[in-house]
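Some notes on the structure that comes next.
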Amino acid sequence: MYGLEAISANNGWAMAIIGPLIVMSGLTILAIIISQLHKLVALFDKKAKQTTEPPIKSKDEISAPNIFPNDILKTAKIYQVLIDKLEQPFELSDLYQVAVQNNFPHPILTVSRLRDAGILIRESEGLFIWNR
Amino acid sequence: MELLLQFLSNTGFYLADYRNFVMLAIGSLFVYLAIAKKYEPLLLLPIGFGVLIGNIPFFKGFGLGIYEPNSVLHYLYFGVTTGVYPSIVFLGLGAMTDFSSLLARPKLMLLGAAAQTGIWVTLLSAMALGFMPKEAASIAIIGGADGPTSIFLTAKLAPHLIGPIAIAAYSYMALIPIIQPPIMRLLTTRQERRIHMSEPREVSKKELMVFPVIGLFLCCFLAPASIPLLGTFFFGNIMKESGVVDRLANTARSAVIDTATIFLGLTVGASTQGDVFLTPKSVSIFLLGAVAFSIATASGIIFAKIMNLFMKEKINPLLGAAGVSAVPGSAREVHLVGLKEDPTNFLLMHAMACNSSGVIGSAICAGILWSFMM
Numbered sequence: 018m019y020g021l022e023a024i025s026a027n028n029g030w031a032m033a034i035i036g037p038l039i040v041m042s043g044l045t046i047l048a049i050i051i052s053q054l055h056k057l058v059a060l061f062d063k064k065a066k067q068t069t070e071p072p073i074k075s076k077d078e079i080s081a082p083n084i085f086p087n088d089i090l091k092t093a094k095i096y097q098v099l100i101d102k103l104e105q106p107f108e109l110s111d112l113y114q115v116a117v118q119n120n121f122p123h124p125i126l127t128v129s130r131l132r133d134a135g136i137l138i139r140e141s142e143g144l145f146i147w148n149r
Numbered sequence: 513m514e515l516l517l518q519f520l521s522n523t524g525f526y527l528a529d530y531r532n533f534v535m536l537a538i539g540s541l542f543v544y545l546a547i548a549k550k551y552e553p554l555l556l557l558p559i560g561f562g563v564l565i566g567n568i569p570f571f572k573g574f575g576l577g578i579y580e581p582n583s584v585l586h587y588l589y590f591g592v593t594t595g596v597y598p599s600i601v602f603l604g605l606g607a608m609t610d611f612s613s614l615l616a617r618p619k620l621m622l623l624g625a626a627a628q629t630g631i632w633v634t635l636l637s638a639m640a641l642g643f644m645p646k647e648a649a650s651i652a653i654i655g656g657a658d659g660p661t662s663i664f665l666t667a668k669l670a671p672h673l674i675g676p677i678a679i680a681a682y683s684y685m686a687l688i689p690i691i692q693p694p695i696m697r698l699l700t701t702r703q704e705r706r707i708h709m710s711e712p713r714e715v716s717k718k719e720l721m722v723f724p725v726i727g728l729f730l731c732c733f734l735a736p737a738s739i740p741l742l743g744t745f746f747f748g749n750i751m752k753e754s755g756v757v758d759r760l761a762n763t764a765r766s767a768v769i770d771t772a773t774i775f776l777g778l779t780v781g782a783s784t785q786g787d788v789f790l791t792p793k794s795v796s797i798f799l800l801g802a803v804a805f806s807i808a809t810a811s812g813i814i815f816a817k818i819m820n821l822f823m824k825e826k827i828n829p830l831l832g833a834a835g836v837s838a839v840p841g842s843a844r845e846v847h848l849v850g851l852k853e854d855p856t857n858f859l860l861m862h863a864m865a866c867n868s869s870g871v872i873g874s875a876i877c878a879g880i881l882w883s884f885m886m
């Protein structure tokens with residue numbers, strides 16, 4: 018069988034109409050989806066950021082200030098919370114350690130200034146007390 | 513003396529007939545084109561040399577020929593007849609493909625769909641010429657300009673036509689620089705060829721990683737018969753984009769695809785034994801293949817021009833020619849034709865978007881045709 022008769026007998030017309038329609042609609046849907054993909058990804062990113070809860074702070078955790086004041090008395094007031102965690106007298110290395118653990122900036126410099134100001138007083142060999 | 517005569521009667525010189533010489537000439541031409549003209553050497557050299565191997569006359573019954581059970585070539589050919597090699601090639605293709613330009617400009621995907629028109633027109637033409645529906649479907653897929661897809665579908669629907677269809681598909685892929693440019697110039701004006709495409713937006717890594725999953729779901733739910741091709745294609749792509757299995761992705765896009773290409777080309781070439789290959793059907797398949805490929809190119813370009821009627825930002829209609837899935841040959845040709853008109857017009861990246869969409873489109877077409885014929 019040849020010609021149009023063969024096409025009709027083998028259902029060729031239907032295939033030649035439905036086939037490209039399926040391909041075109043499939044790729045069109047895919048194109049629409051990928052055209053929105055960057056928005057979806059951005060949306061999920063935003064949502065993920067929002068739903069990420071801030072880390073729960075333990076009761077012992079102390080929030081460090083971003084900017085330390087120049088005034089040594091104010092600095093001492095901030096350091097007071099660290100001193101309260103230590104037993105008197107204490108070693109400077111312990112104070113330094115808690116300061117680092119709580120992300121206090123420039124702990125060595127600050128401890129040195131507190132000593133100079135007489136707020137940290139040497140009690141005995143290697144041990145210091147806090148001059149309230 | 514008798515022994516000598518018996519030996520001589522078993523030599524290729526004695527057993528040869530004119531069909532072997534015709535095919536040896538074609539094989540030599542392919543080898544010449546691959547080496548001297550550098551026309552798709554990765555395809556033409558294995559196929560051309562395979563044609564030479566397959567057409568050396570031999571004494572039948574020794575288990576030497578590709579169609580004789582227990583021959584080495586027959587075992588290697590198993591990957592073709594079962595559709596294993598095309599799936600492996602698609603895995604490597606996926607691991608090579610960068611979808612960022614397609615994701616940046618999704619409307620170019622429509623050109624990949626439009627260029628598949630060649631397949632459907634050829635289906636009707638093949639039926640009209642008296643081919644059985646399964647044969648017609650296998651011939652039609654040449655219009656997708658995708659060698660592995662053509663071989664895959666033919667292996668499933670009309671295994672006796674693998675040789676001519678594979679040779680036609682790969683020949684037309686290799687002849688892209690000759691076939692496509694005249695059609696491009698015929699269907700576009702100089703002004704259209706000079707249209708510059710705007711810079712695409714930057715695509716995030718997340719989009720690139722999500723795309724293979726969405727593509728797999730949508731395409732394979734739509735045409736489940738395309739799973740063997742698109743499944744491995746998108747798997748290869750997610751290996752590349754995820755970045756967590758770089759070693760596997762590198763292997764897929766180098767050693768794995770190369771091995772499959774070598775054996776695919778060689779055995780497809782060897783399957784063109786003169787006595788099996790040189791038939792009136794093969795000639796018709798070659799002619800229909802040329803029609804399919806030309807219509808595919810033309811329909812992509814015409815669809816791009818139709819899109820321009822409705823779009824504010826015009827697209828270069830040459831890109832439509834890259835909607836066929838001959839990767840990256842047709843994209844390169846579009847780029848070169850664009851450059852000839854305007855040396856500052858770089859179309860390659862945009863053409864690759866259409867090309868990769870064409871790969872998906874032709875694999876879906878193969879799936880649809882297969883399910884139509886079930």
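Chains as they are written, first to last, in my numbering: chain R, 18 to 149; chain E, 513 to 886. C-beta: ideal position from N, C-alpha, C; glycine also.
Does DSSP put E845(E) in a helix, a strand or coil?
Here E845(E) sits in helix by DSSP.
Can you check which of these residues, P569(E), L730(E), G577(E), is closest to L520(E) by C-alpha distance?
Considering only alpha carbons, the answer is P569(E).
Under 9 Å from the C-beta of S869(E): neighbouring residues of chain R
The answer, in chain order, is L44, L47, A48.
With a 10 Å radius around its C-beta and 16 neighbouring C-beta atoms as the bar for buried, classify A116(R) as buried or exposed.
Under a 10 Å Cβ-count criterion, A116(R) is classified as buried, with 16 or more other Cβ atoms of the shown protein chains found around its own Cβ.
Using the Cβ count rule (16 or more neighbours within 10 Å means buried), how would you classify A26(R)?
Burial call: exposed.
To the nearest whole angstrom, what separates the beta carbons of L859(E) and V846(E), a pair I think is in contact under 8 Å?
Correct: roughly 6 Å between the Cβ atoms.
Buried or exposed for L881(E), going by 16 or more other Cβ atoms inside 10 Å?
Flag for L881(E) reads buried.
Put S141(R) into one of helix, strand or coil per three-state DSSP.
S141(R) falls in the strand class under three-state DSSP.
Inter-stretch contact (C-beta, 8 Å, three-pair minimum) for the segment 527-541 of chain E and the segment 559-567 of chain E:
Taking a contact to require three or more Cβ pairs closer than 8 Å, the segment 527-541 of chain E and the segment 559-567 of chain E qualify as touching.
Kindly indicate the opening and closing residues of the alpha helix (DSSP H) around S883(E).
If you look at S883(E), you'll find it in the alpha helix (DSSP H) that goes 860-885.
Which whole-angstrom value describes the C-beta separation of G812(E) and G781(E), a residue pair presumed to lie in contact below a C-beta threshold of 8 Å?
So it is not a contact: roughly 29 Å between Cβ atoms.
Give the interface partners of M621(E) over in chain R, defined as CB-CB distance under 7 Å, in chain order.
What M621(E) touches in chain R: L44, L47, A48.
Check whether the Cβ atoms of M819(E) and L622(E) lie closer than 9 Å to each other.
Between M819(E) and L622(E), the CB-CB gap stays under 9 Å.
Contact with chain E by W147(R), beta-carbon distance below 9 Å
It does not; no Cβ of chain E falls within 9 Å.
Does the distance between the C-beta of A657(E) and the nearest non-hydrogen atom of the ligand ATP fall short of 8 Å?
Questions concerning the ligand ATP fall outside what the structure shown contains, since it holds no ligand whatsoever.
Enumerated in chain order, which unbroken segments of the alpha helix (DSSP H) with a length of 4 residues or greater are wholly contained in the segment 548-621 of chain E?
DSSP runs (the alpha helix (DSSP H)) wholly in the segment 548-621 of chain E: 553-566, 584-593, 596-608, 612-616.
From N87(R) to F107(R), what does the alpha carbon distance come to, in whole angstroms?
Roughly 25 Å between the two C-alpha positions.
According to DSSP, is F643(E) part of a helix, a strand, or is it coil?
In the structure shown, the three-state DSSP call for F643(E) is coil.
Among L776(E), D610(E), Q785(E), the one whose alpha carbon lies nearest that of S662(E):
Shortest Cα-Cα distance from S662(E) to any of L776(E), D610(E), Q785(E) involves L776(E).
Can you tell me the Cβ-Cβ gap for L800(E) and T634(E), rounded? I've got them flagged as a contact below 8 Å.
6 Å between Cβ atoms; contact.
Amino acids of chain R, ordered along the chain, whose beta-carbon sits closer than 8 Å to that of K887(E)
For chain E, the structure presents residues 513 to 886; residue 887(E) sits outside this window and is missing.
Output yes or no for whether 9 Å exceeds the beta carbon distance between G743(E) and L728(E).
Yes, the pair counts as a contact, with Cβ atoms nearer than the cut-off.
Looking at chain E, is there any beta carbon in it that lies within less than 9 Å of the beta carbon of S110(R)?
By this cut-off, S110(R) is not an interface position.
Does the CB of M864(E) have a neighbour CB from chain R at under 9 Å?
No, M864(E) lies away from the interface with chain R (no Cβ there is under 9 Å from its Cβ).
Assuming contact is defined by CB atoms lying nearer than 9 Å, are H55(R) and E719(E) in contact in what I supplied?
Cβ distance < 9 Å, so H55(R) and E719(E) count as in contact.
Given a limit of 7 Å on CB to CB distance, which residues of the segment 625-639 of chain E reach chain R?
Per Cβ criterion, the list reads A625, Q628, T629, W632, L635, L636, M639.
Where does I146(R) sit, in a helix, a strand or coil, going by DSSP?
Strand, per DSSP.
Nearest residue (CA-CA) to A670(E), options K852(E), F643(E), I872(E)
Selected option, being the one with the closest Cα: F643(E).
Distance between M696(E) and I679(E) (C-alpha atoms, nearest Å)
Straight-line spacing of the CA atoms in I679(E) and M696(E) works out to 24 Å.
Can you check whether the CB of F805(E) is closer than 9 Å to the CB of I677(E)?
Taking 9 Å as the Cβ cut-off, I677(E) and F805(E) do not qualify as a contacting pair.
Residues bridged to F107(R) (per DSSP):
Note: F107(R) sits in a beta bridge opposite F145(R).
Kindly indicate which three-state DSSP category R765(E) falls into: helix, strand or coil?
Three-state result, R765(E): helix.
Using beta-carbon positions only, say whether L821(E) and C866(E) come within less than 9 Å of one another.
9 Å or more divides the Cβ of L821(E) from the Cβ of C866(E).
From L126(R), I100(R), S52(R), I138(R), residue whose alpha carbon lies closest to that of L615(E)
Taking the Cα of L615(E) as reference, the smallest distance to any Cα among L126(R), I100(R), S52(R), I138(R) is reached at S52(R).
Against chain E, does L60(R) count as a neighbour if the rule is that its beta carbon must be under 9 Å from one of theirs?
No, L60(R) does not count as interfacial toward chain E.
Tell me whether M886(E) is buried or exposed, calling it buried when 16 or more other Cβ atoms sit within 10 Å of its Cβ.
Exposed, since its Cβ has fewer than 16 Cβ neighbours within 10 Å.
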